[in-house]
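These protein sequences, in sequence, are chains V and B. Heads up: the first sequence at position 38 corresponds to 558 in the working numbering, and the numbers run straight through without jumps. Heads up: the second sequence at position 62 corresponds to 759 in the working numbering, and the numbers run straight through without jumps. The beta carbon of each residue, even a glycine, is placed where N, CA and C say it ideally should be.
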Amino acid sequence: QSVLTQPPSASGTPGQRVTISCSGSSSNIGTNVVYWYQQLPGTAPKLLICRNDQRPSGVPDRFSASTSGTSASLAISGLRSEDEADYYCAAWDGRLSGQVVFGGGTKLTVL
Amino acid sequence: EVHLVESGGGLVQPGGSLRLSCAASGFTFTKHNMNWVRQAPGKGLEWVSKITSTGYTIYYADSVKGRFTISRDNAKNSLYLQMNSLRAEDTAVYYCARDALNDLCLFDYWGQGTLVTVSS
Numbered sequence: 521q522s523v524l525t526q527p528p529s530a531s532g533t534p535g536q537r538v539t540i541s542c543s544g545s546s547s548n549i550g551t552n553v554v555y556w557y558q559q560l561p562g563t564a565p566k567l568l569i570c571r572n573d574q575r576p577s578g579v580p581d582r583f584s585a586s587t588s589g590t591s592a593s594l595a596i597s598g599l600r601s602e603d604e605a606d607y608y609c610a611a612w613d614g615r616l617s618g619q620v621v622f623g624g625g626t627k628l629t630v631l
Numbered sequence: 698e699v700h701l702v703e704s705g706g707g708l709v710q711p712g713g714s715l716r717l718s719c720a721a722s723g724f725t726f727t728k729h730n731m732n733w734v735r736q737a738p739g740k741g742l743e744w745v746s747k748i749t750s751t752g753y754t755i756y757y758a759d760s761v762k763g764r765f766t767i768s769r770d771n772a773k774n775s776l777y778l779q780m781n782s783l784r785a786e787d788t789a790v791y792y793c794a795r796d797a798l799n800d801l802c803l804f805d806y807w808g809q810g811t812l813v814t815v816s817s
């Protein structure tokens, strides 16, 4: 299983706000920044959130993220059909000699 | 525009070897750390290896340590992954991914991936 824990699935209706959690430990989320990636069906992953809460240019402000202690969360407001994708969190893990760890991914379904 | 194009994937028998390449363009390759990230069929993402911009510092996931070797040729704007002693569990799409300048962000650009299948 993954070092970072995400719910396997999430869902919402258009216009709704959904959140996806990412749980880690003191060696990763507790001491290092968190990143979020979006993977649309059949495509390569794309950077969504950098360094806990920063959106790269081009990422809509409907996407936001935060961290607290050893957990992180991604929020998507004004849900749209094109947001249906897999979402992954990631962080460095100091206990693993500089290795990067991912969450198992959350499949978001827009109902 | 940043482009990362992987190549070299294919079918290989267990215990065999394969060398992946990633051709980079649209940015100053010599200034960026680079990574390989893989995704087994129907599974999540797994970071494989990182190499710093100069090539002096390298990291590996425990799952590939001792079997895979990452390298880069800054003169050719290329990243490589030599994979030896391949196992069925190494079957995955392998992505080349760039880190932003000064490590401000991990994996800010990704290639389209190349599929490696380990099977007899």
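Can residue i and residue j be called in contact, C-beta distance under 8 Å?
| i | j | result |
| --- | --- | --- |
| residue 794 of chain B | residue 735 of chain B | no |
| residue 783 of chain B | residue 713 of chain B | yes |
| residue 610 of chain V | residue 798 of chain B | no |
| residue 608 of chain V | residue 565 of chain V | yes |
| residue 767 of chain B | residue 753 of chain B | no |
| residue 630 of chain V | residue 523 of chain V | no |
| residue 733 of chain B | residue 791 of chain B | yes |
| residue 780 of chain B | residue 701 of chain B | no |
| residue 567 of chain V | residue 603 of chain V | no |
| residue 711 of chain B | residue 813 of chain B | no |
| residue 525 of chain V | residue 623 of chain V | yes |
| residue 722 of chain B | residue 811 of chain B | no |
| residue 724 of chain B | residue 699 of chain B | yes |
| residue 626 of chain V | residue 534 of chain V | no |
Let me check you understand the geometry: is the CB of residue i closer than 7 Å to at least one non-hydrogen atom of the ligand HEM?
| i | result |
| --- | --- |
| residue 609 of chain V | The ligand HEM is absent from the structure shown, which contains no ligands of any kind. |
In whole angstroms, give me the CA-to-CA distance for residue i and residue j.
| i | j | result |
| --- | --- | --- |
| residue 586 of chain V | residue 592 of chain V | 6 Å |
| residue 805 of chain B | residue 537 of chain V | 25 Å |
| residue 727 of chain B | residue 748 of chain B | 11 Å |
| residue 807 of chain B | residue 759 of chain B | 22 Å |
| residue 539 of chain V | residue 773 of chain B | 43 Å |
| residue 546 of chain V | residue 557 of chain V | 21 Å |
| residue 542 of chain V | residue 775 of chain B | 34 Å |
| residue 548 of chain V | residue 614 of chain V | 6 Å |
| residue 764 of chain B | residue 559 of chain V | 28 Å |
| residue 769 of chain B | residue 619 of chain V | 19 Å |
| residue 718 of chain B | residue 583 of chain V | 33 Å |
| residue 521 of chain V | residue 741 of chain B | 10 Å |
| residue 606 of chain V | residue 562 of chain V | 11 Å |
| residue 635 of chain V | residue 731 of chain B | What is shown of chain V runs 521 to 631, which leaves residue 635 of chain V out entirely. |
| residue 577 of chain V | residue 597 of chain V | 18 Å |
| residue 737 of chain B | residue 746 of chain B | 16 Å |
If you measure from the beta carbon of residue i to each beta carbon in chain V, is any gap under 8 Å?
| i | result |
| --- | --- |
| residue 812 of chain B | no |
| residue 741 of chain B | yes |
| residue 791 of chain B | no |
| residue 808 of chain B | yes |
| residue 724 of chain B | no |
| residue 805 of chain B | yes |
| residue 719 of chain B | no |
Please list, in chain order, the chain A residues whose beta carbon lies closer than 9 Å to that of residue i.
| i | result |
| --- | --- |
| residue 744 of chain B | In the structure shown, chain A cannot be found, because the protein chains are V and B. |
At a Cβ threshold of 8 Å, is residue i touching chain B?
| i | result |
| --- | --- |
| residue 566 of chain V | yes |
| residue 625 of chain V | yes |
| residue 607 of chain V | no |
| residue 522 of chain V | yes |
Against chain B, which members of the stretch 571-603 of chain V pass a CB distance test of less than 9 Å? Considering only beta carbons, the part of the stretch 571-603 of chain V lying closer than 9 Å to chain B consists of 571, 574, 576, in chain order.
Worksheet item: Along the chain, which unbroken stretches of the beta strand (DSSP E) at least 3 residues long are found entirely within the stretch 707-731 of chain B?
Response: Runs of the beta strand (DSSP E) inside the stretch 707-731 of chain B: 707-709, 715-722.
message: Suppose only complete runs of 3+ residues qualify. What are the beta strand (DSSP E) ranges in the stretch 537-601 of chain V, listed by chain order?
response: Note on the stretch 537-601 of chain V: whole beta strand (DSSP E) runs with a minimum of 3 residues are 538-543, 554-559, 566-569, 583-588, 591-596, in chain order.
So if I threshold CB-CB distances at 9 Å, which residues from the stretch 749-780 of chain B count as touching chain V? Per Cβ criterion, the list reads 754, 756, 757, 758, 759.
Query - beta strand (DSSP E) runs wholly inside the stretch 734-798 of chain B, at least 3 long, in chain order - result: For secondary structure counted as the beta strand (DSSP E) over 3 or more consecutive residues, the stretch 734-798 of chain B holds these complete runs in sequence order: 742-748, 755-757, 765-770, 775-780, 789-795.
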